[in-house]
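Novice: Pasting a structure below so you can have a look.
Protein chains: 4
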Amino acid sequence: MEKNRLEAFSDGVLAIIITIMVLELKVPHGVELEALIPVLPVFLSYVLSFLYIAIYWNNHHHMFHATKRVSGGILWANLHLLFWLSLFPFSTAWMGENHLAPIPTAAYGVVLLMAAIAYYVLQQTIIASQGRDSLLKSAIGRDWKGKLSPVLYLAAIPLAFVSPWIASGIYTFVALIWLIPDRRIERALGTQEH
Amino acid sequence: MEKNRLEAFSDGVLAIIITIMVLELKVPHGVELEALIPVLPVFLSYVLSFLYIAIYWNNHHHMFHATKRVSGGILWANLHLLFWLSLFPFSTAWMGENHLAPIPTAAYGVVLLMAAIAYYVLQQTIIASQGRDSLLKSAIGRDWKGKLSPVLYLAAIPLAFVSPWIASGIYTFVALIWLIPDRRIERALGTQEH
Amino acid sequence: MEKNRLEAFSDGVLAIIITIMVLELKVPHGVELEALIPVLPVFLSYVLSFLYIAIYWNNHHHMFHATKRVSGGILWANLHLLFWLSLFPFSTAWMGENHLAPIPTAAYGVVLLMAAIAYYVLQQTIIASQGRDSLLKSAIGRDWKGKLSPVLYLAAIPLAFVSPWIASGIYTFVALIWLIPDRRIERALGTQEH
Amino acid sequence: MEKNRLEAFSDGVLAIIITIMVLELKVPHGVELEALIPVLPVFLSYVLSFLYIAIYWNNHHHMFHATKRVSGGILWANLHLLFWLSLFPFSTAWMGENHLAPIPTAAYGVVLLMAAIAYYVLQQTIIASQGRDSLLKSAIGRDWKGKLSPVLYLAAIPLAFVSPWIASGIYTFVALIWLIPDRRIERALGTQEH
Numbered sequence: 001m002e003k004n005r006l007e008a009f010s011d012g013v014l015a016i017i018i019t020i021m022v023l024e025l026k027v028p029h030g031v032e033l034e035a036l037i038p039v040l041p042v043f044l045s046y047v048l049s050f051l052y053i054a055i056y057w058n059n060h061h062h063m064f065h066a067t068k069r070v071s072g073g074i075l076w077a078n079l080h081l082l083f084w085l086s087l088f089p090f091s092t093a094w095m096g097e098n099h100l101a102p103i104p105t106a107a108y109g110v111v112l113l114m115a116a117i118a119y120y121v122l123q124q125t126i127i128a129s130q131g132r133d134s135l136l137k138s139a140i141g142r143d144w145k146g147k148l149s150p151v152l153y154l155a156a157i158p159l160a161f162v163s164p165w166i167a168s169g170i171y172t173f174v175a176l177i178w179l180i181p182d183r184r185i186e187r188a189l190g191t192q193e194h
Numbered sequence: 001m002e003k004n005r006l007e008a009f010s011d012g013v014l015a016i017i018i019t020i021m022v023l024e025l026k027v028p029h030g031v032e033l034e035a036l037i038p039v040l041p042v043f044l045s046y047v048l049s050f051l052y053i054a055i056y057w058n059n060h061h062h063m064f065h066a067t068k069r070v071s072g073g074i075l076w077a078n079l080h081l082l083f084w085l086s087l088f089p090f091s092t093a094w095m096g097e098n099h100l101a102p103i104p105t106a107a108y109g110v111v112l113l114m115a116a117i118a119y120y121v122l123q124q125t126i127i128a129s130q131g132r133d134s135l136l137k138s139a140i141g142r143d144w145k146g147k148l149s150p151v152l153y154l155a156a157i158p159l160a161f162v163s164p165w166i167a168s169g170i171y172t173f174v175a176l177i178w179l180i181p182d183r184r185i186e187r188a189l190g191t192q193e194h
Numbered sequence: 001m002e003k004n005r006l007e008a009f010s011d012g013v014l015a016i017i018i019t020i021m022v023l024e025l026k027v028p029h030g031v032e033l034e035a036l037i038p039v040l041p042v043f044l045s046y047v048l049s050f051l052y053i054a055i056y057w058n059n060h061h062h063m064f065h066a067t068k069r070v071s072g073g074i075l076w077a078n079l080h081l082l083f084w085l086s087l088f089p090f091s092t093a094w095m096g097e098n099h100l101a102p103i104p105t106a107a108y109g110v111v112l113l114m115a116a117i118a119y120y121v122l123q124q125t126i127i128a129s130q131g132r133d134s135l136l137k138s139a140i141g142r143d144w145k146g147k148l149s150p151v152l153y154l155a156a157i158p159l160a161f162v163s164p165w166i167a168s169g170i171y172t173f174v175a176l177i178w179l180i181p182d183r184r185i186e187r188a189l190g191t192q193e194h
Numbered sequence: 001m002e003k004n005r006l007e008a009f010s011d012g013v014l015a016i017i018i019t020i021m022v023l024e025l026k027v028p029h030g031v032e033l034e035a036l037i038p039v040l041p042v043f044l045s046y047v048l049s050f051l052y053i054a055i056y057w058n059n060h061h062h063m064f065h066a067t068k069r070v071s072g073g074i075l076w077a078n079l080h081l082l083f084w085l086s087l088f089p090f091s092t093a094w095m096g097e098n099h100l101a102p103i104p105t106a107a108y109g110v111v112l113l114m115a116a117i118a119y120y121v122l123q124q125t126i127i128a129s130q131g132r133d134s135l136l137k138s139a140i141g142r143d144w145k146g147k148l149s150p151v152l153y154l155a156a157i158p159l160a161f162v163s164p165w166i167a168s169g170i171y172t173f174v175a176l177i178w179l180i181p182d183r184r185i186e187r188a189l190g191t192q193e194h
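Chains as they are written, first to last, in this note's numbering: chain A, 1 to 194; chain B, 1 to 194; chain C, 1 to 194; chain D, 1 to 194.
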């Protein structure tokens, strides 16, 4: 039951984050199609962030599917992850409203990086609490996506000062490699449960 | 359990969308009854969008009642639907604040159309994953509402440039034909479960 | 399970309504204690509306505790109630920001009245669907609170034009008579279940 | 089941409070790093308030884990706690936007104090309803944190007029002593259930 409540709270926070980001899509004053042009970069940032929050929700979902017991450490590692994800509406709006200026684009990457680290810490905390026969550990395997993502963010942050388009291209690329849901966990669980 | 969490997350997002739309009802500065007049078109747009989100929640509810297992594909098809529904507050406010100007009214229809397509894709994804004896497939039958709605939206979008009143009349008409909850699914489930 | 999802969605909407109302408490620009004075009427309106939403949540909770099956009619009667409750942030802010001017104070009463009617309709829909041995019907008994409240709102609305203080006094009085949770339902359930 | 719904509603409200606070992080107009400087005190206030809401959620979680039955009194004591917590976004923004001016900093402490008192009242209401063998009572033991916190807030409020830094230092200190989750309850439950 404890696990259910942690999942419900996380779902609530993620549902709110993903939805209030849309409040940054300020309603344009004009009624011409051109009135939408300044909204476009904000809209594209929104799409990217929606994708990221959706991926986090999806992976969070799979991760806790492979978790039986919730400890105090897991609770706080989870809240730490939610903290960084809660900064998405801010970093998304700053990047979007400034049409991908270098510093806001780099700042967006910093939030992505911190969220990725927080996710990794949460994952390790769960694995540590599960001990040797950790279902999650065997499920994630070598976890190349989890290890590659922060490296790519780290590369993208300085590259934002060369070209924000390269940086945001990397952010989009990382989202796309995650879009494929973590079938490894599904498979590992499948051999145990289904 | 997986299904419960998908439902809980969707309920959360829909509850937030339906509620934050009301934030676009800007509190008027005046204290006279006339101060409510400029709020009226925003209010009517809010009523229409409230109805649409309520219908989507209701049908989503019935659809997942007829769904046993959730796959990765269903998760993403569901998030895709939530994405388009999350644009309702924006499109509602743009249409309402501009007193049904042609382009915002057409844009509202585009969001309705994309949400209807996303709902259809989600439905087909569930049916495909359920295989030959799909409970959902037999429940929805010929699905004339699901097929008629996008056609009507497609007609309404260009008609918004002739008269926004015709377009918004069609949007309202489609909402009304959906208001009758999907008794077919209730019936099909009834013969199996109750 | 159907009932659970209706409750979860209603809880979500009520939780959001009760919380976003606080966004109307605009952060004052000054740092003196006097800076809080213009916030005071908005704050008091917030307290009253918080109380009302809390009472609705509480009674909704008891009502569905005495409900076993959810029909399409109940779903829509519930959404109808949520619609009127969703207007609380708007009517609260309009009344509060205008320091209880007559028309906003009357408008607040209209929203209260419509919500009370919607609650009554929901209750009757549940009772009708439960048939002769309706647990809810026996639980609410003569339902004097449910019948008195709309009468008091109806009296308060025109009185807002005489004195907004009388009207808001009546709104507060009705909240206080509801504050006592519906022990009748608890008792009726208690004899059956506990 | 009653308990589940109270927990779900509380989770919803807490999830919304923790997330809408981020809306006070106004997106800066500039694109330079310096544009973030005025955001910094708001950001630090946000971090502190996030921590507090997370602690309340965590302790609320443990408290209701040790609660079997929910009475009307508990429902209202819980809503009373949620009311004070709902003022966090307001008090956080007022303190943050004014760079810890004395009165806003003291006001932040008043809200902290009222929430602590509300938490204490809720705890006592649960213990009273559980009677002599109260699981919660034995779990919290001497409850030195619960008794020390309001005393520290009471000291910090006047100290805000001497130096807001001392006051906010005390607020941070109290948060840190709570950060350690209530292992006593975990232990007490552990001996009973696990």
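Glycine included, each C-beta is placed from N, C-alpha and C at the ideal position.
What is the C-beta distance between A/Y46 and A/G109, in whole angstroms, given that I count them as a contact (C-beta under 8 angstroms)?
Specialist: So it is not a contact: roughly 17 angstroms between Cβ atoms.
Novice: Please confirm whether B/V27 and C/A93 have their CB atoms less than 7 angstroms apart.
Specialist: Yes, the pair counts as a contact, with Cβ atoms nearer than the cut-off.
Novice: Please report how far the alpha carbon of B/H62 lies from the alpha carbon of C/Q124, in whole angstroms.
Specialist: 23 angstroms
Novice: Give me the Cα-Cα distance between C/I177 and C/P150, rounded to the nearest whole angstrom.
Specialist: Going by the C-alpha atoms only, they are around 13 angstroms apart.
Novice: I think D/I127 touches D/L113, with their Cβ atoms under 8 angstroms apart; what is that distance to the nearest whole Å?
Specialist: In fact, because the Cβ distance is near 21 angstroms, the residues do not count as touching under 8 angstroms.
Novice: When burial is assigned at 16 or more other CB atoms within 10 Å of the CB, is D/A155 buried or exposed?
Specialist: exposed
Novice: Between which two residues does the alpha helix (DSSP H) carrying B/S71 extend?
Specialist: No alpha helix (DSSP H) contains B/S71, which DSSP labels as neither H nor E.
Novice: Using a Cβ-Cβ distance under 7 angstroms, would B/F9 count as near chain C?
Specialist: no
Novice: Would you kindly report the start and end of the unbroken alpha helix (DSSP H) that includes C/H65?
Specialist: V39 to H65
Novice: Rounded to whole angstroms, what's the CA-CA distance from D/A167 to D/A160? Just pull it up for me.
Specialist: 5 angstroms
Novice: Going straight from the alpha carbon of C/G96 to that of B/H29, what length do you get?
Specialist: 12 angstroms
Novice: So B/H65 and C/E7 are in contact, right, with Cβ under 8 angstroms, and what is the actual spacing, rounded?
Specialist: The pair is not a contact, with the Cβ atoms about 15 angstroms apart (cut-off 8 angstroms).
Novice: Measure the alpha-carbon distance for D/F90 versus B/W165 and round it to whole angstroms.
Specialist: 41 angstroms
Novice: So C/F88 and C/Y52 are in contact, right, with Cβ under 8 angstroms, and what is the actual spacing, rounded?
Specialist: 7 angstroms
Novice: So B/R5 is in the alpha helix (DSSP H); what residue range does that whole segment cover?
Specialist: Its alpha helix (DSSP H) spans residues E2 to I20.
Novice: Counting contacts by CB-CB distance shorter than 7 angstroms, is C/V42 in contact with chain D?
Specialist: At a cut-off of 7 angstroms, the C-beta of C/V42 has no neighbouring C-beta in chain D.
Novice: What are the start and end residues of the alpha helix (DSSP H) that includes A/P28?
Specialist: Taken as a continuous stretch (DSSP letters only), A/P28 belongs to no alpha helix (DSSP H), as it is neither H nor E.
Novice: Look at the alpha carbon of A/L100 and the alpha carbon of A/A54, and state the distance between them as a whole number of angstroms.
Specialist: In this structure, the CA atom of A/L100 is about 22 angstroms from the CA atom of A/A54.
Novice: Given B/W84, which residues of its chain have a CB within under 7 angstroms of its CB, disregarding the five upstream and five downstream residues?
Specialist: V111, M114, A115 and A118
Novice: Would you mind telling me which residues of chain A sit closer than 7 angstroms to D/V27, beta carbon to beta carbon, in chain order?
Specialist: F90, A93, W94 and E97
Novice: Can you pull the chain B residues whose beta carbon is under 8 angstroms from the beta carbon of C/V13, in chain order?
Specialist: A15, I18 and T19
Novice: Excluding the five sequence neighbours on either side, which residues of its own chain have a C-beta within less than 7 angstroms of the C-beta of D/L81, listed in chain order?
Specialist: A115, A118, Y119 and L122
Novice: Rounded to whole angstroms, what's the CA-CA distance from C/L23 to C/F43? Just pull it up for me.
Specialist: 11 angstroms
Novice: Are any of the Cβ atoms in chain C nearer than 7 angstroms to that of D/A101?
Specialist: yes
Novice: Would you mind listing the alpha helix (DSSP H) stretches within the segment 84-162 of chain A that are 4+ residues and don't spill past its ends, in chain order?
Specialist: 88-97, 102-130, 135-140 and 144-162
Novice: I need the straight-line Cα distance from D/S129 to B/L33, nearest angstrom please.
Specialist: 50 angstroms
Novice: Beta-carbon within less than 7 angstroms of B/K147's beta-carbon, same chain only, minus the 5 sequence neighbours each way: which residues are those?
Specialist: none
Novice: How would you list, in chain order, the residues of chain D whose beta-carbon sits under 8 angstroms from the beta-carbon of A/S163?
Specialist: Near A/S163 there are no residues of chain D at all, since even the closest Cβ is about 15 angstroms away, more than 8 angstroms.
Novice: Would you mind telling me which residues of chain A sit closer than 8 angstroms to B/L112, beta carbon to beta carbon, in chain order?
Specialist: Ordered by position in chain A, no residue passes the 8 angstroms Cβ test against B/L112, which lies about 16 angstroms from the chain.
Novice: Is B/I16 closer than 7 angstroms to A/I16 when the C-beta atoms are compared?
Specialist: yes
Novice: If distances are taken between C-alpha atoms only, which option among B/V162, B/W144 and B/P158 comes closest to B/V174?
Specialist: Measuring from the Cα of B/V174, the nearest candidate turns out to be B/W144.
Novice: Tell whether a beta-carbon distance below 7 angstroms holds between C/P12 and B/G141.
Specialist: Note that residue 12 of chain C corresponds to Gly in the displayed sequence, not to Pro. No; because the gap between Cβ atoms is not below 7 angstroms, this pair is not in contact.
Novice: Any beta-carbon of chain A closer than 7 angstroms to the one on D/L79?
Specialist: So no, D/L79 is outside the interface.
Novice: Return the chain-ordered list of same chain residues with a C-beta closer than 7 angstroms to the C-beta of C/S10, the five sequence neighbours on each side being excluded.
Specialist: If the five residues before and after C/S10 are omitted, its C-beta is found closer than 7 angstroms to the C-beta atoms of H60, N78 and L82, all from its own chain and listed in chain order.
Novice: Could one say the Cβ of A/F83 lies closer than 7 angstroms to chain D's Cβ atoms, at least one of them?
Specialist: By this cut-off, A/F83 is an interface position.
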